[in-house]
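Numbered according to full-length UniProt numbering, the sequence shown spans residues 1 to 218.
What follows is a set of notes on a single structure, which appears directly below.
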Amino acid sequence: MDAVVIGATGSTGKDLVEQLMKDDTFKRVDVFVRRSLDIQHDKLMVHVIDFGRPDEWCDLVKGDVLFSCLGTTIKAAGSKEAQWKVDYGYQYEFARTAKENGVERYVLVSAEFASPKALSFYSKMKGKLEVAVKELGFPRLTIIKPPILMRKESDRTLEVWGLKAIQFMNKAGLFRSHEPLPTEVLAKAMINSAKQTEVDSEPLTGNAIRDRASWISF
Numbered sequence: 001m002d003a004v005v006i007g008a009t010g011s012t013g014k015d016l017v018e019q020l021m022k023d024d025t026f027k028r029v030d031v032f033v034r035r036s037l038d039i040q041h042d043k044l045m046v047h048v049i050d051f052g053r054p055d056e057w058c059d060l061v062k063g064d065v066l067f068s069c070l071g072t073t074i075k076a077a078g079s080k081e082a083q084w085k086v087d088y089g090y091q092y093e094f095a096r097t098a099k100e101n102g103v104e105r106y107v108l109v110s111a112e113f114a115s116p117k118a119l120s121f122y123s124k125m126k127g128k129l130e131v132a133v134k135e136l137g138f139p140r141l142t143i144i145k146p147p148i149l150m151r152k153e154s155d156r157t158l159e160v161w162g163l164k165a166i167q168f169m170n171k172a173g174l175f176r177s178h179e180p181l182p183t184e185v186l187a188k189a190m191i192n193s194a195k196q197t198e199v200d201s202e203p204l205t206g207n208a209i210r211d212r213a214s215w216i217s218f
């Protein structure tokens, strides 16, 4: 397969690209980023783009599967409006373009409590994106809603403290279904989702993500 990736500079994206490079199922990997990557590979094609100018990159979005783990934080973006532009606007526009260009499979990393009716800004934003991309009509769509992620060298303060709290409660036998998920496991679940022939009728959460990641490669 030929893969298209957005969000490759984040923790999950880095693990995803690294695994795709080692997986013989994927013959070409087109990565769309806002800044260059530090890796090179014969089957890797890096496109440094302005996501806000789709006219400059829309014809390049071609392949068998789109992997999306693009996202930012309010701290990094500067405001809720700026975060919405990246996490919803850029993601939706890229997915829409991929669908128009004939990409049939879409694997989207959302958020554990995403819902268009959620009270929190972040969860509501992610939930509305889920609804919007479903309406695009991809033949195969997998939405993954991971618990708190174990990122390598994370600088997200709330995430770091949240991770410690969940790990403490896990040791006490609480919230097992919300056990923190390593980004490399999430990446593997994304890849296996792209390979499967079945259609996911529901988003993947908790242990279902780990189960998907544990599938033997084929």
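Where a beta carbon is used, it is the ideal one built from N, C-alpha and C, also for glycine.
Keep in mind the model is a prediction, meaning the values are calculated, not measured.
Straight-line gap, Leu37 to Asp200 (C-alpha atoms, nearest Å): Mapped onto the sequence shown, residue 37 falls at position 37. Mapped onto the sequence shown, residue 200 falls at position 200. The C-alpha of Asp200 is placed about 31 Å away from the C-alpha of Leu37.
Cβ-based neighbour list, Ile6, same chain, cut-off 7 Å, excluding 5 preceding and 5 following: Here residue 6 corresponds to residue number 6 of the sequence shown, with the count starting at 1. These residues qualify, in order along the chain: Phe32, Ser68, Leu70, Phe94.
Lys145 and Thr205 closer than 8 Å at C-beta: What you label residue 145 is simply residue 145 of the sequence shown in a count that begins at 1. What you label residue 205 is simply residue 205 of the sequence shown in a count that begins at 1. Their beta carbons are under 8 Å apart, which means Lys145 touches Thr205 by this criterion.
Endpoints, alpha helix (DSSP H) assigned at Ala76: Here residue 76 refers to the residue found at position 76 of the sequence shown. Where Ala76 is concerned, the enclosing alpha helix (DSSP H) stretches over 74-77.
Cβ pair Thr12, Leu186 closer than 8 Å: As a position in the sequence shown, residue 12 is number 12, starting the count at 1. As a position in the sequence shown, residue 186 is number 186, starting the count at 1. Yes, these two residues count as a Cβ contact at 8 Å.
Sequence-distant residues of its chain with Cβ nearer than 6 Å to Phe51 (five each side left out): As a working note, residue 51 is residue 51 in the sequence shown. Excluding positions up to five away in sequence, the list reads Tyr90.
Buried or exposed (CB count within 10 angstroms, at least 16 for buried), Ala3: Residue numbering aside, residue 3 sits at position 3 when the sequence shown is read from its first letter. Burial call: buried.
Exposed unless 16 or more other CB atoms sit within 10 angstroms - verdict on Glu130: Working through the sequence shown from its first residue, we reach residue 130 at position 130. Around the beta carbon of Glu130, a 10 Å sphere encloses 16 or more other beta carbons of the protein chains shown; the residue is thus reported as buried.
Phe138 versus Ile39: straight-line alpha-carbon distance, rounded: As a first step, residue 138 is located in the sequence shown; it is residue number 138 there, counting from the start. As a first step, residue 39 is located in the sequence shown; it is residue number 39 there, counting from the start. Roughly 30 Å separates the two Cα atoms.
Whole-angstrom C-beta distance between Val107 and Met21, which should lie under 8 Å: Position 21 of the sequence shown, counting from 1, holds the residue named residue 21. Position 107 of the sequence shown, counting from 1, holds the residue named residue 107. So it is not a contact: roughly 17 Å between Cβ atoms.
Residue of Pro54, Thr183, Glu202, Met1 minimising C-alpha distance to Met150: Counted from its first residue, the sequence shown places residue 150 at position 150. Of Pro54, Thr183, Glu202, Met1, the smallest CA-CA separation from Met150 is found for Thr183.
Whole-angstrom C-beta distance between Ala213 and Lys195, which should lie under 8 Å: Here residue 195 refers to the residue found at position 195 of the sequence shown. Here residue 213 refers to the residue found at position 213 of the sequence shown. In this structure Lys195 is not in contact with Ala213, their Cβ atoms being roughly 12 Å apart against a cut-off of 8 Å.
C-alpha distance - Pro54 paired with Asn101, whole-angstrom precision: The residue you call residue 54 lines up with position 54 of the sequence shown. The residue you call residue 101 lines up with position 101 of the sequence shown. In this structure, the CA atom of Pro54 is about 13 Å from the CA atom of Asn101.
Inter-residue Cα distance where the pair is Met125 and Ala114: Within the sequence shown, the letter at position 125 stands for residue 125. Within the sequence shown, the letter at position 114 stands for residue 114. In this model, Met125 and Ala114 are separated by some 8 Å (Cα to Cα).
Buried versus exposed, by CB contacts within 10 Å (16 or more), Val103: Here the question's residue 103 lines up with position 103 in the sequence shown. It counts as buried.
Chain-order list of residues whose beta-carbon lies under 7 Å from that of Gln19 (same chain, five-residue window excluded): Residue numbering aside, residue 19 sits at position 19 when the sequence shown is read from its first letter. Closer than 7 Å at Cβ, skipping near neighbours: Ala187, Lys188, Ile191.
Nearest residue (CA-CA) to Phe121, options Lys99, Gln83, Thr25: Counting from 1 along the sequence shown, the entry for residue 121 is found at position 121. Taking only the C-alpha atoms, the option nearest Phe121 is Gln83.
Coil, strand or helix - Val4 by DSSP: Sequence index remark: in the sequence shown, residue 4 carries index 4 (1-based). In this structure, Val4 counts as strand in the three-state DSSP scheme.
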